[in-house]
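Asks:
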Amino acid sequence: MLDIRFVRENPDAVKENIKKKFQDAKLPLVDEVIELDAQRRAAIAEADQLRSARNSLSKQIGMLMGQAKKDPSKLAEAEAVKAQVKADADRLAELEQLETSLDEEVRKRMMVIPQMIDDSVPIGPDDSANVEVERFGEAKVPDFPIPYHTELMERFDGIDMDAAGRVSGNGFYYLLGDIARLHEAVLAYGRDFMIGKGFTYCIPPFMIHGNVVEGVMSQTDMDGMMYKIEGEDLYLIGTSEHSMIGRFIDQIIPSEKLPQTLTSYSPCFRKEKGAHGIEERGVYRIHQFEKQEMIVVCKPEESKDWYEKLWRYSVELFRSLDIPVRQLECCSGDLADLKVKSCDIEAWSPRQQKYFEVCSCSNLGDAQARRLHIRYKDETGKTQLCHTLNNTCVAPPRMLIAFLENNLQADGTVLIPEVLQPYMGGTKVLVPKK
């Protein structure tokens, strides 16, 4: 959410930003917000005048009532002033109600006006305009066929989607044996990798209140992702970022405690509405998965540097698992409304002979902090909004797809990279059972 003063003083820039995001239907909101805000400020000014006059009139009534003891004619004058006080009180109640109503109307519109994007963001309508920046590792195509990931897992007796379908429906799975162990090994390795970078490990709540949901994501994203607990003000998180950023709601963080660098584990629950392509079967796009996340809350001047660090951590982690990756800069039309800048880390799929998303790194500027009132005091003692960032560390089972395909051998075995072997009980090779 933008600062209302910024919108008031820079309406053309806000409109241009909306155009860059290809959301022209939102353009009228800018003028509506400015008009409603002007009405709100006028109501506040009139209410302040009435409150000031009330004190003066109250003193006047007291004086006139005292004088009326000696001069009865003053009594009528006092009653007239009392009537004025009553009329002013009624008007003040109207203005306070109007102010509340206008506040809500301004907020509703401000919540859907997108965050100002960074100047470096490429302009484009959707993900087809995302820009490849750099590749890391050699993307190889083996001289033997690679089966679809669920078929590959089945060779190890590692997955049962039929039973999951009977128990929970589509979009769920059972992981078993070596594949389940590999799933946990990757999460544990990701956790320790981030701890080694100086991040604090955290396990957050997996359900959050509606005001926190509203603070961390746009209404569109909320409707398309979140599961609500019936009859309660609780939502299942779609990523641990939601509850991790929510941890700082209404807080003024001591300057010396910034940056907050946290790595969090959680299950994630997502509706995943919409059509899914043929390559998104199996465990690629599912309703429940587990993830290790990176979260940073920092001062505004530090957020660009942290953005660079976060996506490079993803590259380093995936390369340590012998998985080639690339960085893809997200264009303006592919950015969620709260994001200032974002990029995807995509892993190489030897089977598809193309890259697919495994990490998403985002700088949200002060958008979440403004909604949730996350602040700090600068060196002058002035209260400022923090900046927030997040990035996927590892998100199996999608990450497992990249891992299995890139470490599969011609004889059907899967090599375990050295960094992962301690988490697999020293196992160096997975041998298929079928």
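Just so we're aligned, residue 179 is where the sequence shown starts under the working numbering, counting upward by one. For every residue, glycine included, the Cβ atom is placed at its ideal position computed from N, Cα and C.
1. Using 8 Å as the threshold, is the stretch 283-293 in touch with the stretch 206-224, meaning 3 or more CB pairs across them?
2. Cβ atoms of L513 and V572: under 8 Å apart, would you say?
3. Closest by CA to N188, which one among V211, Q201, S538 and M400?
4. In this structure, how does DSSP classify L495 when only helix, strand and coil are distinguished?
5. Run through DSSP, which three-state label would H551 get?
6. Taking the continuous alpha helix (DSSP H) assigned at V394, which residues delimit it?
7. Quick check: what's the CA-CA separation for H465 versus E272?
8. Span of the beta strand (DSSP E) holding M472?
9. Taking the alpha-carbon of N541 as reference, which of Q531, Y533 and E507 has the nearest alpha-carbon?
10. Look at the Cβ atom of P600, then the Cβ atom of R333, and state whether they are nearer than 8 Å.
11. Would you grab the beta carbon distance between D335 and L365 for me? Rounded to a whole angstrom, and I think it's under 8 Å.
12. Among M372, A231 and I295, whose alpha-carbon lies nearest the alpha-carbon of L270?
13. So, helix, strand or coil for P445, using DSSP?
14. Compare the Cα-Cα distances from H327 to each of R549, S527 and C521 and report the closest residue.
15. What residue range is occupied by the uninterrupted alpha helix (DSSP H) comprising N568?
16. Would the stretch 345-352 and the stretch 480-493 be scored as touching if the rule is three or more Cβ pairs under 8 Å?
17. DSSP three-state label for F314, please.
18. Across which residues does DSSP place V592 in a beta bridge pair?
19. In angstroms, rounded to a whole number, what distance separates the CA positions of V309 and A203?
20. Are T417 and K469 touching if we call contact CB-CB under 8 Å?
Replies: Looking at the atomic coordinates:
1. By the Cβ rule, the stretch 283-293 counts as touching the stretch 206-224, because three or more pairs are nearer than 8 Å.
2. no
3. The shortest Cα separation from N188 among V211, Q201, S538 and M400 belongs to V211.
4. helix
5. Reduced to three states, the DSSP call for H551 is coil.
6. G388 to V394
7. 48 Å
8. Q466 to C476
9. E507
10. No, these two residues do not count as a Cβ contact at 8 Å.
11. The pair is not a contact, with the Cβ atoms about 21 Å apart (cut-off 8 Å).
12. A231
13. If DSSP states are grouped into helix, strand and coil, P445 belongs with the strands.
14. S527
15. Per DSSP, N568 belongs to no alpha helix (DSSP H); it is in the beta strand (DSSP E), H565 to V572.
16. No, the stretch 345-352 does not touch the stretch 480-493.
17. strand
18. L586 and L608
19. 26 Å
20. yes
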